[in-house]
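Peer 1: Taken in sequence, the protein lines are chains A and B.
For the first sequence, the working numbering assigns the number 1 to the initial residue and increments by one for each residue that follows.
For the second sequence, the working numbering assigns the number 128 to the initial residue and increments by one for each residue that follows.
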Amino acid sequence: MKLLTLNFLTCAIKTCKTSPSSFPLHPQDAELEIVESDVNMAFLRNILPRLMWEELRGITRELGLPELPETAPAAEDLGEPSQVAKDLHRLLLETSIREGKLVCGNCGHEYAVKEGIANFLLPGHLV
Amino acid sequence: MREYLVRLVQMHESFRKAELQALADVSGVEMHIIKYEEDSPFCVIGLPSDKAAHAMISRSILSQGIYELWGHGRNYNALHASIKNLSPSKWNAYHETPFRFTLDSFRGSRTPTEQRDIVESFSYLEFAGPIRMKEADVSFRVFEDYDHEAPEPKYLYMGRFISGSGRHAKTMYDLKKRHYISTTSMDAELALLTANIALAAPGKFFFDPFMGTGGFPIACSHFGAITCGSDIDGRSIRGTGGSARKGQMGKKDVEGNFRQYGLEERYLGGFVSDLTNTPLRITTPCGNEQNGGYLDGIICDPPYGIREGLKVLGSREKLGDKERATHHDRCKEPTYIPPKRPYSFIAMLDDILAFAASTLVDGGRLSMWMPTANDEDIELVIPTHPCLEIVSVCVQPFNKWSRRLLTYRRLSDSEVSQDSLHMTKKEYETGIKADELNGFRRKYFEGFKEFQKLRLETATGRRVSDESTELEKTSN
Ligand SMILES: [Zn+2]
Chain A
1 MKLLTLNFLT
11 CAIKTCKTSP
21 SSFPLHPQDA
31 ELEIVESDVN
41 MAFLRNILPR
51 LMWEELRGIT
61 RELGLPELPE
71 TAPAAEDLGE
81 PSQVAKDLHR
91 LLLETSIREG
101 KLVCGNCGHE
111 YAVKEGIANF
121 LLPGHLV
Chain B
128 MREYLVRLVQ
138 MHESFRKAEL
148 QALADVSGVE
158 MHIIKYEEDS
168 PFCVIGLPSD
178 KAAHAMISRS
188 ILSQGIYELW
198 GHGRNYNALH
208 ASIKNLSPSK
218 WNAYHETPFR
228 FTLDSFRGSR
238 TPTEQRDIVE
248 SFSYLEFAGP
258 IRMKEADVSF
268 RVFEDYDHEA
278 PEPKYLYMGR
288 FISGSGRHAK
298 TMYDLKKRHY
308 ISTTSMDAEL
318 ALLTANIALA
328 APGKFFFDPF
338 MGTGGFPIAC
348 SHFGAITCGS
358 DIDGRSIRGT
368 GGSARKGQMG
378 KKDVEGNFRQ
388 YGLEERYLGG
398 FVSDLTNTPL
408 RITTPCGNEQ
418 NGGYLDGIIC
428 DPPYGIREGL
438 KVLGSREKLG
448 DKERATHHDR
458 CKEPTYIPPK
468 RPYSFIAMLD
478 DILAFAASTL
488 VDGGRLSMWM
498 PTANDEDIEL
508 VIPTHPCLEI
518 VSVCVQPFNK
528 WSRRLLTYRR
538 LSDSEVSQDS
548 LHMTKKEYET
558 GIKADELNGF
568 RRKYFEGFKE
578 FQKLRLETAT
588 GRRVSDESTE
598 LEKTSN
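1. Give the list of continuous alpha helix (DSSP H) stretches no shorter than 4 residues that lie fully inside the segment 388-463 of chain B.
2. Touch check for the segment 148-168 of chain B and the segment 209-216 of chain B: three-plus C-beta pairs under 8 Å?
3. Comparing alpha-carbon positions, which option in B:Gly155, B:Glu130, B:Val171 and B:Arg386 lies nearest arginine 143 of chain B?
4. Could you say if the segment 439-452 of chain B and the segment 423-430 of chain B meet the contact criterion of at least three C-beta pairs nearer than 8 Å?
5. For chain D, check one thing: does any of its Cβ atoms lie closer than 8 Å to the Cβ of leucine 4 of chain A?
6. From the DSSP output, read off the bridge partner residues of threonine 354 of chain B.
7. List the residues of chain A that lysine 304 of chain B touches, going by C-beta distances under 7 Å, in chain order.
8. Is DSSP giving histidine 512 of chain B helix, strand or coil here?
9. Please confirm if alanine 75 of chain A has its CB atom under 8 Å from at least one CB of chain B.
10. CB leucine 320 of chain B to CB isoleucine 188 of chain B, shorter than 8 Å?
11. Which of helix, strand or coil does DSSP assign to cysteine 11 of chain A?
12. With three or more C-beta pairs closer than 8 Å as the rule, is the segment 131-139 of chain B touching the segment 32-52 of chain A?
13. The alpha helix (DSSP H) with serine 250 of chain B in it runs from where to where?
14. Using the beta-carbon of each residue, which ones in chain B are nearer than 9 Å to arginine 45 of chain A?
15. Assign proline 278 of chain B to one of two classes, buried (16 or more other C-beta atoms within 10 Å of its C-beta) or exposed (fewer than that).
16. Locate the beta strand (DSSP E) running through phenylalanine 228 of chain B, then write down its first and last residues.
17. Please state whether DSSP places lysine 560 of chain B in a helix, a strand or coil.
18. For alanine 352 of chain B, which residues from the same chain have a beta carbon less than 6 Å from its beta carbon, with the 5 sequence-adjacent residues on both sides left out?
19. Closer than 6 Å from C-beta to any heavy atom of ligand 1: which residues, in chain order?
20. Determine whether the Cβ of lysine 17 of chain A lies closer than 8 Å to any Cβ atom of chain B.
21. Measuring alpha carbon to alpha carbon, tell me which of B:Ile245, B:Phe249, B:Asp231 and B:Phe226 ends up nearest glycine 256 of chain B.
22. Going by DSSP, what residue range makes up the beta strand (DSSP E) through lysine 114 of chain A?
23. Do alanine 12 of chain A and asparagine 384 of chain B have their CB atoms nearer than 8 Å?
24. At what residue ranges does the segment 261-323 of chain B contain a whole run of the alpha helix (DSSP H), taking only runs of 4 or more?
25. For a cutoff of 8 Å on Cβ pairs, would you count leucine 437 of chain B as touching chain A?
26. Check leucine 132 of chain B in the structure and name its three-state DSSP category.
27. Throw me the rounded Cβ distance for the leucine 252 of chain B and glutamine 242 of chain B pair, which I believe falls under 8 Å.
28. With distance defined between alpha-carbon atoms, name the residue in B:Leu147, B:Val269 and B:Leu395 nearest to leucine 283 of chain B.
29. Is proline 344 of chain B closer than 8 Å to glycine 356 of chain B when the C-beta atoms are compared?
30. Measuring only between beta-carbons, confirm whether arginine 408 of chain B sits less than 8 Å from chain A.
31. Can you tell me where the beta strand (DSSP E) with aspartate 29 of chain A in it begins and where it stops?
32. Given that proline 466 of chain B touches chain A, what residues does it touch there, using C-beta distances under 9 Å?
33. Under 8 Å: do the segment 81-95 of chain A and the segment 147-157 of chain B share three or more Cβ pairs, one atom per stretch?
34. Express the C-alpha separation of glutamine 191 of chain B and glutamate 62 of chain A in angstroms, rounding to a whole number.
35. Can you find the residues in the same chain that come closer than 7 Å, C-beta to C-beta, to phenylalanine 120 of chain A, ignoring five residues on each side of it along the sequence?
Rendered as C-alpha cells:
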C-alpha cells in the first residue's frame with residue numbers, strides 16, 4: 001500500500017471512528033519499499049488540497065522519513081515539477097508499506113499489513 | 128458549433144448517449160446531440176472544433192470514430208446536393224493532398240463495382256492528390272444506413288475523418304489475456320465503459336469497494352486515474368500461487384494485473400475490508416459546512432450473493448460476554464476467522480449511496496451496477512439519496528433479468544435540498560425498518576427475490592463463483 005492511502009484511513013471500529021485520535025493510523029514495525037516513478041503532476045495538484053498535512057507530517061516522523069515542511073505547499077509551489085513536488089510524490093506515491101501493522105491511536109487495535117495488503121476485518125467482539 | 132458524425136457501434140445501445148455526454152463532460156466540451164436513433168450507429172452532434180471532437184472520441188468505447196460532416200441525405204442525389212450546399216468552402220484544402228475515400232455500409236453491402244461507382248460519383252470534389260489506402264493525409268468516408276434486409280440505404284452521410292475511438296482498449300484489456308481474473312470479473316468493454324461514464328481521467332482519484340480481481344480500478348487507471356480498492360474477501364486481492372515478493376513463479380494477484388498493463392504507478396493498493404465497517408475516513412454528511420470528500424469517483428458492481436447470500440462482518444446472534452471474551456482472546460491467532468452475517472442487498476445499496484455522499488467531492492460520480500428482474504413495476508425505481516443526483520441509467524438486458532448501470536453525481540452542499548435531507552435523517556432516527564418506509568425498497572425487494580430465483584436456474588449445472596463470501600481462511 002502506497003503511503004498516500006494513510007491519508008484516508010482511520011480505525012474501522014464504528015465507535016472509534018468519531019474520536020479524533022483514530023486518525024491517522026500509526027504504522028509500526030513497517031517494512032518500506034520505494035519504487036520510483038515519474039511525477040504525476042495532474043494528480044499531485046488535484047490531491048494537494050485533500051491532504052491532512054499535520055497528520056501526514058506525524059506519519060513521516062514515525063516512519064523516520066525526511067521531515068515534511070511545516071505547512072502544506074501551495075499549488076503554485078509544485079512547479080513543473082519543483083523539488084517540493086518531487087519529494088511529495090516520492091513520499092506519497094513511490095513509497096509503500098510491504099509489511100507491518102497500522103495501529104489505532106484511540107483504541108490500540110492493530111491492523112496487519114502483509115505483502116502490501118492491510119486487513120481491516122474486525123473480530124467478532126469489535127463489530 | 129460545427130456538425131460532426133459519430134460512427135457508433137450498434138450494441139449496448141442504452142449506454143451510447145450516456146457515454147457521449149460523459150466524454151463531453153470529462154473533456155470540458157460543449158456538445159449538442161442533433162440526431163440520435165437507438166436503431167442506428169450514426170449520430171450527428173454539434174461541437175466547437177476538431178480538437179474537441181478528437182478529445183472526446185479518442186477515449187470512446189462505444190464508437191469507431193468521428194467525422195466532420197460534409198453532407199447527408201435520403202439518397203445519393205440528396206447527399207450530393209447537401210455536400211454542394213454545405214461544404215464547398217472545405218474542398219479547396221484537399222485538392223492536392225494524398226487521400227483515401229471509402230464506403231461504410233451498415234447492414235448492407237456493395238459489390239466492388241458498385242463501390243467504385245459510388246466513389247467516382249464524388250469526382251466533383253476535384254481531389255487530384257494520390258490515392259493512398261495506407262497513411263493517407265486525409266480520409267473521407269461515405270456511410271450508408273440500411274434497414275434490415277432493405278435493398279437500398281435509408282440514409283447517407285459523408286464526412287472527413289477526424290479521430291478514431293478508444294475502442295481498441297477493449298481488446299487490450301480482454302479478460303482472456305488477463306493474468307488474473309475470477310468468474311465474476313466484468314468484461315473489459317463494460318468495465319472501460321463504466322470508467323468513462325464515471326469520468327475517470329488523469330489526476331483523479333477513484334475507489335472500488337468491491338474490487339474483486341481489480342477490473343474497475345484497472346479500467347479507471349487506463350484512463351489515467353489513480354485507483355484504490357477494497358474487498359471483504361482478502362483472497363481476491365492477494366490472489367493465488369506463491370509469494371511474488373520472494374520471486375516465486377505462478378503468483379497471480381491484482382498487483383500483477385496492474386503490472387501486466389504497465390499501470391502499477393497508478394495503483395495505490397488494495398485492502399481487505401467490509402463496506403459496512405469501512406476504515407475509510409467518513410466526513411460530515413452533506414448539507415452542512417464544507418464537503419470534506421476526497422474521492423473523484425466510486426465505481427462498483429456490488430455483490431448480490433446467489434448461493435449463500437451477501438455477507439458482512441458481524442455475528443448472526445448478538446454475542447454474549449463469554450463469546451466476546453473468546454473472540455478477544457483468539458483474534459490475534461493466525462487461524463482466527465472473523466464472523467460474518469447475512470445482509471440484504473437493498474440495505475447494501477443504501478450503504479453505498481451513504482458512503483458515496485460522504486466521500487465524494489462535489490461533482491464526483493458514483494457508477495454502480497444493479498441487477499433487476501425484468502418486471503415493469505421495478506423498471507422505474509431507482510435508489511435515491513438527497514446528496515446524489517441521478518445522471519444516467521443504462522440497461523444491459525438479458526433474457527429474464529437485466530443489469531443496470533446507475534450513475535449519480537454528488538451535489539454541492541448548496542444544491543442539496545434541506546427538506547429531503549431532514550426527511551432522511553428522520554427515517555433513520557425513528558428506527559422504522561427501511562423496507563417498510565420506502566416504496567423503492569419494497570418493490571425492488573420483491574423483484575430481487577424473483578431475480579435470484581432466475582439466476583439460480585440459469586446457474587444450474589455449472590459452478591457459479593458468486594460474490595457471497597466464504598469465510599476468510601488465509602489469515603485474519
Ligand atoms: Zn480504534
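The beta-carbon is built from N, C-alpha and C at its ideal position, and this holds for glycine as well.
Peer 2: Checking against the coordinates, here is how it stands:
1. Listed in chain order, they are 448-457.
2. Taking 8 Å as the limit for Cβ pairs, the verdict is that the segment 209-216 of chain B does not touch the segment 148-168 of chain B.
3. Closest in C-alpha terms to arginine 143 of chain B, from the list B:Gly155, B:Glu130, B:Val171 and B:Arg386, comes B:Val171.
4. Cβ pair count under 8 Å is below three, so no.
5. Absence of chain D from the displayed structure is noted, the protein chains being A and B.
6. B:Phe333 and B:Tyr394, per the DSSP bridge assignment.
7. The contacting residues do not exist; lysine 304 of chain B stays about 25 Å from chain A at best.
8. Note: histidine 512 of chain B maps to strand in three-state DSSP.
9. No Cβ of chain B is located within less than 8 Å of the beta carbon of alanine 75 of chain A.
10. The Cβ atoms of leucine 320 of chain B and isoleucine 188 of chain B lie closer than 8 Å to each other.
11. The answer is coil: DSSP assigns cysteine 11 of chain A none of H, G, I, E or B.
12. The count of Cβ pairs closer than 8 Å, one atom from the segment 32-52 of chain A and one from the segment 131-139 of chain B, stays below three, leaving the stretches out of contact.
13. In the DSSP annotation of this structure, serine 250 of chain B is not part of any alpha helix (DSSP H), being labelled neither H nor E.
14. Simply Gly330.
15. Around the beta carbon of proline 278 of chain B, fewer than 16 other beta carbons lie within 10 angstroms, which makes this residue exposed.
16. It spans 226-233 - the beta strand (DSSP E) in which phenylalanine 228 of chain B sits, taken as one unbroken run.
17. Here lysine 560 of chain B scores only 44 on pLDDT, less than 50, and its place in the model should not be relied on; the value that follows carries that caveat. DSSP places lysine 560 of chain B in the coil class of the three-state scheme, outside both helix and strand.
18. If we look at alanine 352 of chain B and ignore the five residues flanking it on each side, its Cβ neighbours are Ala327, Lys331 and Phe333.
19. Applying a distance threshold of 6 Å between residue Cβ atoms and the heavy atoms of ligand 1 selects A:Cys11, A:Ile13, A:Cys16, A:Ser22, A:Cys104, A:Asn106, A:Cys107 and A:His109, given in chain order.
20. Cβ-Cβ to chain B under 8 Å: yes for lysine 17 of chain A.
21. For glycine 256 of chain B, the nearest C-alpha among the options comes from B:Phe226.
22. Where lysine 114 of chain A is concerned, the enclosing beta strand (DSSP E) stretches over 110-114.
23. Cβ atoms of alanine 12 of chain A and asparagine 384 of chain B: not closer than 8 Å.
24. Segments of the alpha helix (DSSP H) lying fully in the segment 261-323 of chain B: 296-299.
25. No, leucine 437 of chain B does not count as interfacial toward chain A.
26. Three-state result, leucine 132 of chain B: strand.
27. The C-beta distance from leucine 252 of chain B to glutamine 242 of chain B rounds to 17 Å, too long to fall under 8 Å, and the pair is not in contact.
28. Minimum Cα-Cα distance from leucine 283 of chain B among the listed residues B:Leu147, B:Val269 and B:Leu395 corresponds to B:Val269.
29. With a cutoff of 8 Å on beta-carbon distance, glycine 356 of chain B and proline 344 of chain B are scored as near each other.
30. Taking 8 Å as the CB threshold, arginine 408 of chain B lines the interface with chain A.
31. Here the beta strand (DSSP E) through aspartate 29 of chain A covers 26-34.
32. Those within 9 Å of proline 466 of chain B in chain A are Pro123, Gly124 and Val127.
33. Judged by Cβ distances under 8 Å, the segment 81-95 of chain A makes no contact with the segment 147-157 of chain B, as fewer than three pairs qualify.
34. Straight-line measurement puts the Cα of glutamine 191 of chain B at about 52 Å from the Cα of glutamate 62 of chain A.
35. Answer for phenylalanine 120 of chain A: Ala12 and Tyr111, listed in chain order.
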